[in-house]
Amino acid sequence: MTVGECMKREVTAVLPGTTVREAARVLVERHVGTLPIVDANQVLLGIVGVTEILTIFLPDFVALLEDIDFVKDFGALEDLEPKDVPEASTLTMKDIMKEPIAVEEDAGLLRAFALMKKHNLLDLPVVSKDGKLLGIASPVDVACGFLSAWAENRSHAQ
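For our numbering, count along the sequence shown from 1 and bump the result up by 6.
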């Protein structure tokens, strides 16, 4: 089975000029955690996840700490709202997007999962040979595709 056979084909993608505020609205409305960034021809340019967006609101010092277990309460920072971070309204996807890790639709499921695991991805974009976004696969999509034949094969039980 290939990743193209188990991916989600309905993908919400945005353009590089989309602001963080607009992207946040899309994430909330669509209840997704990953936004592929595409050009006008649907060619995959980058990827932005909720982690990149939420990081904008984290204090800079958090990145310097090796261990934050001792911080039980962030105090006034817990009350921080997006409106309190002015750059959140002016930053665009182009400013925060990461280089995309993607697979072509004919890639095997183990390759797809290995990339997800290696790069700590919540979702893996699936592209055509010419780089156009075709879908997106989550670890659950890949696991269901990979494990379905094995789990349903009664002849090898026990």
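Here a beta-carbon is modelled for each residue, glycine too, at the ideal position from N, C-alpha and C.
If you count every other CB in all the chains shown that lies within 10 Å of the CB of residue i, and 16 or more means buried, which is it?
| i | result |
| --- | --- |
| glutamate 58 | buried |
| threonine 96 | exposed |
| valine 34 | exposed |
| methionine 103 | buried |
| alanine 149 | exposed |
| alanine 46 | exposed |
| threonine 61 | exposed |
| phenylalanine 63 | exposed |
| methionine 122 | buried |
Is residue i helix, strand or coil by DSSP?
| i | result |
| --- | --- |
| lysine 135 | coil |
| valine 20 | strand |
| isoleucine 62 | coil |
| leucine 128 | coil |
| alanine 46 | coil |
Just reading off the beta strand (DSSP E) that residue i is part of, what are its end residues?
| i | result |
| --- | --- |
| leucine 50 | 50 to 55 |
| isoleucine 102 | Taken as a continuous stretch (DSSP letters only), isoleucine 102 belongs to no beta strand (DSSP E), being part of the alpha helix (DSSP H) at 99 to 102. |
What residues are listed by DSSP as bridge partners for residue i?
| i | result |
| --- | --- |
| leucine 41 | Val54 |
| glutamate 4 | Nothing can be reported for residue 4, as the shown portion of the chain is limited to 7 through 164. |
| glycine 151 | Per DSSP, none; premise fails for glycine 151. |
| alanine 143 | Leu130 |
Note down, in chain order, each residue of its chain lying with its Cβ closer than 7 Å to the Cβ of residue i, except the 5 sequence neighbours on either side.
| i | result |
| --- | --- |
| leucine 139 | Val17, Ala19, Pro42, Val44, Gln48, Leu50, Pro131, Val133 |
| threonine 24 | Thr98, Met99 |
Near residue i, what residues of its chain come up, given a Cβ to Cβ distance below 6 Å and the 5 sequence neighbours on each side ignored?
| i | result |
| --- | --- |
| serine 111 | For the sequence presented, residue 111 should be read as glutamate rather than serine. Hits under 6 Å: Gly10, Val132, Leu140. |
| alanine 113 | Val9 |
| arginine 15 | Gly141 |
Over the uninterrupted alpha helix (DSSP H) stretch that includes residue i, give me the two end residues.
| i | result |
| --- | --- |
| alanine 94 | 93 to 96 |
| arginine 27 | 26 to 36 |
| glutamate 11 | 9 to 12 |
Excluding the five sequence neighbours on either side, which residues of its own chain have a C-beta within less than 8 Å of the C-beta of residue i, listed in chain order?
| i | result |
| --- | --- |
| glycine 39 | Leu33, Gly55, Val56, Leu128, Asp129 |
| glutamate 28 | Val20 |
Tell me whether residue i, by its Cβ, gets closer than 6 Å to a heavy atom of the ligand SAH.
| i | result |
| --- | --- |
| lysine 135 | Inclusion of the ligand SAH in the displayed structure is not the case, the ligand content being empty and no account of it being possible. |
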